[in-house]
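Numbering (the numbering used here), first residue to last: 24 to 356.
This is how it looks when you write it as structure tokens:
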């Protein structure tokens with residue numbers, strides 16, 4: 024399978040879902056190898072680089088794309104299979120940004136407390152050991168952590184002509200910040216506009232569930248993915264499938280509404296997959312679903328709700344496209 028490689032220039036970065044002209048037009052079945060910059064645009068390179076001086080929150084999460092998918096129409100299902108995610112730099116950056124994060128005063132959760140200290144951490148990548156190194160700023164502690172690459176942002180143009188910041192997760196996908204968005208995962212997104220106009224970015228070399236401080240180990244990423252399209256069948260919210268789980272993603276505020284969306288979507292999907300009455304699917308999912316928090320820091324919060332395939336009979340979603348894409352991806356690696 025041929026692979027189209029695309030590396031945007033800084034002037035070609037997109038900072039929104041919707042509202043940007045397509046970078047390329049691709050046909051279903053195309054494999055892409057895409058370079059994306061880190062969430063800070065590469066400006067935090069040392070512990071002396073501070074967010075307050077270097078980072079403009081209007082221009083974070085630069086997106087690679089958008090890509091016009093031939094034949095994609097509203098109501099279709101865009102399918103993206105993540106074949107490989109490879110760190111594109113030998114360092115990643117994380118930061119405590121003033122008035123941003125899950126454990127500080129923010130512009131949404133306002134208190135009279137001062138901002139937490141503006142602080143930057145640099146994580147050195149050891150490719151041979153496949154680790155990144157946490158180096159404490161206030162002591163001599165250094166801890167090696169395994170690299171677990173993921174994409175913070177995967178999304179399509181929203182419906183209704185909306186243009187949404189690349190900081191936002193919603194029905195269109197976007198900045199969901201889930202560690203489940205990793206190599207081997209297939210993503211299903213409802214198409215809202217002709218061409219779908221999908222983009223990806225916000226690579227993380229690793230991230231804990233919740234992304235509590237507001238930033239992961241942010242790093243430039245090379246992503247190899249396969250684009251496909253299912254006519255019709257658009258899910259209301261993003262769905263994910265890997266070899267072990269069926270997963271749905273809800274994004275909203277407050278957090279419990281994101282949880283409810285994810286649960287409702289999983290109930291609907293399980294009902295479809297197994298021909299169950301919705302009440303039976305509701306009961307079944309209540310006994311087996313897990314609900315990791317993806318993020319509690321973005322403009323909307325995101326929750327993943329997942330069901331282990333090992334606990335359920337065999338089933339094929341969208342005609343078994345995940346298994347087919349897994350096989351195709353193996354020819355690329």
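Glycine is no exception: its CB is placed at the ideal position from the N, C-alpha and C atoms.
Member of 174, 96 and 233 whose CA lies at the smallest distance from the CA of residue 84: 174
Assigned exposure category for residue 436 - 16 Cβ within 10 Å defines buried: The first residue shown for the chain is 24 and the last is 356, placing residue 436 beyond what the model contains.
Assigned secondary structure, residue 189 (DSSP; H/G/I helix, E/B strand, else coil): coil
Residue 319 vs residue 125 beta-carbon contact at 8 Å: yes
Three-state class that DSSP yields for residue 120 in the structure shown: Here residue 120 sits in coil by DSSP.
Three-pair Cβ contact test at 8 Å for the stretch 59-74 versus the stretch 223-241: These segments touch.
Residues of its chain near residue 178, where Cβ-Cβ distance is below 6 Å and the 5 sequence neighbours each way are ignored: 40, 195, 196 and 197
Reduced DSSP secondary structure (H/G/I, E/B, other) of residue 225: strand
Separation of residue 293 from residue 340, as counted between CA atoms: 10 Å
Residue 116 versus residue 68 - alpha carbon distance: 7 Å
Segment limits, beta strand (DSSP E) that includes residue 88: First-last of the beta strand (DSSP E) with residue 88: 86-92.
Residue 324 versus residue 187: straight-line alpha-carbon distance, rounded: 15 Å
Residue 232 beta carbon less than 8 Å from that of residue 192: Not a contact, by the Cβ cut-off of 8 Å.
Inter-stretch contact (C-beta, 8 Å, three-pair minimum) for the stretch 250-257 and the stretch 281-292: no
Residue 301 (DSSP reduced to helix, strand or coil): helix
Same chain only: Cβ atoms within 8 Å of residue 299, ignoring 5 sequence neighbours per side: 293 and 307
Supposed close pair residue 348, residue 104 - CB separation, criterion 8 Å: At roughly 4 Å, the Cβ-Cβ gap stays under 8 Å, so residue 348 and residue 104 are in contact.
Cβ distance (whole Å) where residue 282 is taken to contact residue 216 below 8 Å: With a Cβ gap of about 29 Å, residue 282 and residue 216 do not count as contacting.
Nearest neighbour of residue 225, chosen from 100, 110, 264 and 337 [CA to CA]: 110
Residue 318 (DSSP reduced to helix, strand or coil): If DSSP states are grouped into helix, strand and coil, residue 318 belongs with the strands.
Backbone secondary structure at residue 325 - three-state DSSP: strand
In DSSP terms, what residue 274 is bridged to: 325
Three-state secondary structure assigned by DSSP to residue 197: strand
Limits of the unbroken alpha helix (DSSP H) element including residue 348: Element bounds for residue 348: 344-353.
Span separating the alpha-carbon of residue 359 from that of residue 304: No answer is possible for residue 359: the residues shown for the chain start at 24 and end at 356.
Three-state secondary structure assigned by DSSP to residue 213: In the displayed model, residue 213 falls within a strand according to three-state DSSP.
Cβ-based burial, residue 261 [other Cβ within 10 Å; buried from 16]: With 16 or more other Cβ atoms within 10 Å, it is buried.
Cβ pair residue 89, residue 221 closer than 8 Å: Pairing residue 89 with residue 221 gives a Cβ-Cβ distance under 8 Å.
Same chain, Cβ closer than 6 Å to residue 236, neighbours up to 5 away in sequence not counted: 119 and 124
Closest by C-alpha distance to residue 169, when choosing among 147, 176, 182 and 190: Nearest of 147, 176, 182 and 190 to residue 169, Cα basis: 147.
Residue 59, enclosing beta strand (DSSP E) - first and last residue: 54-59
Which listed residue (249, 185 and 141) has its alpha carbon closest to that of residue 207: Put simply, of 249, 185 and 141 the residue whose alpha carbon is nearest the alpha carbon of residue 207 is 249.
First and last residue of the uninterrupted beta strand (DSSP E) at residue 156: 154-158
Helix, strand or coil at residue 5 according to DSSP, with G and I counted as helix: Beyond the ends of the chain as shown, which are 24 and 356, falls residue 5; an answer cannot be given.
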